[in-house]
Amino acid sequence: GGEGDDTREDEYGEALTPKGLVKRVKQMITRYGFRDIKFKAGVLDPDIEIESVRQMRAAFGPDIPIRIDPNSAWTVETSIRVGRELKDELSNGGYLEDPTAGIEGMAAVRRGLLAEGIDTPLASNVAVTCFGDIPEAVKQDAVQVILCDHHYWGGMRQVQQLARLCKTFGMGLSMHSNNHLGVSLMGMAHVAAATPHLTYACDTHYPWQTEQDEVVAGGRIPIVDGTVKITDKPGLGVELDHDQLAR
Numbered sequence: 035g036g037e038g039d040d041t042r043e044d045e046y047g048e049a050l051t052p053k054g055l056v057k058r059v060k061q062m063i064t065r066y067g068f069r070d071i072k073f074k075a076g077v078l079d080p081d082i083e084i085e086s087v088r089q090m091r092a093a094f095g096p097d098i099p100i101r102i103d104p105n106s107a108w109t110v111e112t113s114i115r116v117g118r119e120l121k122d123e124l125s126n127g128g129y130l131e132d133p134t135a136g137i138e139g140m141a142a143v144r145r146g147l148l149a150e151g152i153d154t155p156l157a158s159n160v161a162v163t164c165f166g167d168i169p170e171a172v173k174q175d176a177v178q179v180i181l182c183d184h185h186y187w188g189g190m191r192q193v194q195q196l197a198r199l200c201k202t203f204g205m206g207l208s209m210h211s212n213n214h215l216g217v218s219l220m221g222m223a224h225v226a227a228a229t230p231h232l233t234y235a236c237d238t239h240y241p242w243q244t245e246q247d248e249v250v251a252g253g254r255i256p257i258v259d260g261t262v263k264i265t266d267k268p269g270l271g272v273e274l275d276h277d278q279l280a281r
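One gets the working numbering by counting positions in the sequence shown from 1 and adding 34 to each.
The following block contains the structure:
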């Protein structure tokens with residue numbers, strides 16, 4: 035974190051190999067009690083990322099769901115190949131998120147996998163980003179899990195409306211992370227708690243934030259046993275530290 039005079043030690047270390055990624059996941063599970071794994075891909079050679087998922091499954095077992103998100107970096111062909119190679123590892127609560135670009139591309143990946151008898155769900159916060167995207171995504175069976183965001187979906191009530199639509203069309207729902215600080219994290223937690231049709235654990239980038247960059251009074255929001263506690267305080271339950279905000 036940080037540059038120049040603000041350079042800080044990286045507590046997690048390099049994550050450019052399967053071994054390094056598994057080590058980082060172990061650190062986060064130990065510290066925060068997470069019970070689901072998702073990591074960004076589309077960075078290294080797909081075969082290395084396939085091996086990373088396999089090593090995670092070996093390290094954590096079949097009861098910890100694994101999800102992989104290459105940020106639309108792969109071709110349709112590569113996406114299908116990865117889905118084929120990881121059909122077992124991405125089962126039991128896992129998914130393949132935005133492996134390729136666009137609703138048409140996602141639909142092609144879905145058809146290719148189903149043709150081989152592979153029903154791994156495809157998730158998206160890129161191909162489907164607003165209510166207007168849903169009809170075509172449903173028509174083409176391009177996306178089985180929508181990853182929403184209470185900021186760009188139009189607010190907290192709109193996420194609840196999205197959840198009702200997802201339930202109606204038999205789609206899963208989760209929430210993707212937005213490099214949040216405490217205000218946004220608590221907003222996300224409140225929406226999640228008030229949305230019954232939340233079928234997958236929410237993403238979070240919060241472990242990469244540091245105490246010295248938090249802007250809510252009292253410091254970082256605790257994550258215990260993989261959960262954020264909703265308090266009985268007014269509003270989102272947090273107040274701003276104005277000195278921190280100014281810094």
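Yeah, the Cβ is synthetic: ideal placement off N, Cα and C, and Gly gets one too.
In chain order, which continuous runs of the alpha helix (DSSP H) of length 4 or greater are located wholly inside the region 151-204? 168-174 and 190-202
Are the region 79-96 and the region 253-262 touching by the rule of at least three beta carbon pairs closer than 8 Å? no
What distance in whole Å lies between the Cβ atoms of Ile114 and Val143, which are believed to be in contact at a cut-off of 8 Å? 6 Å
Per the DSSP calculation, Gly286 is bridged to which residue(s)? Within the shown structure, residues of the chain are numbered from 35 to 281, placing residue 286 beyond reach of any answer.
Please classify His239 as buried or exposed, where buried requires at least 16 neighbouring CB atoms within 10 angstroms. Classification of His239: exposed, given that the 10 Å Cβ count is below 16.
Tell me whether Thr229 is buried or exposed, calling it buried when 16 or more other Cβ atoms sit within 10 Å of its Cβ. buried
Residue nearest to Gln243 in terms of C-alpha spacing, selected from Gly221, Gly216 and Lys53: Gly216
My parser needs the beta strand (DSSP E) runs of 3 or more residues fully inside the region 51-126; what are they? Fully enclosed beta strand (DSSP E) runs of 3 or longer: 71-74 and 100-103.
Mind checking who Met209 pairs with in its DSSP beta bridge? Cys182
Is it a yes or a no for the region 140-156 touching the region 165-182, going by three-plus beta-carbon pairs under 8 Å? By the Cβ criterion, the region 140-156 is in contact with the region 165-182, since at least three pairs of Cβ atoms, one from each stretch, lie closer than 8 Å.
Am I right that Ala157 and Ile137 are in contact with their C-beta atoms under 8 Å? What's the rounded C-beta distance? That pair is no contact at about 13 Å.
Where the alpha helix (DSSP H) through Leu279 begins and ends: Start and end: His276 to Ala280.
Check this for me: beta carbons of Ser211 and Asp247, under 8 Å apart or not? no
When you compare each of Ala49, Val225 and His276 to Gly252 by their alpha carbons, which one comes out closest? Nearest to Gly252 by C-alpha distance, out of Ala49, Val225 and His276, is His276.
Sort out for me which residues DSSP pairs Thr130 with in a bridge. Reading off the sequence, residue 130 comes out as Leu, not Thr. In the DSSP output, where bridge partners are listed per residue, Leu130 has Ile102 and Leu156.
Contacts around Met190, its chain only, beta-carbon distance under 6 Å, and the 5 residues preceding and following it disregarded: Cβ within range, chain order: His184 and Val225.
Quick one: what's got a C-beta closer than 6 Å to Gly128's C-beta in the same chain, skipping five residues either side? So the list reads Pro99, Ile100 and Arg101, once near-sequence residues are dropped.
Neighbourhood of Gly286 by C-beta, 7 Å cutoff - its chain only, sequence neighbours within 5 removed: Absent from the structure is residue 286, since the part of the chain shown begins at 35 and ends at 281.
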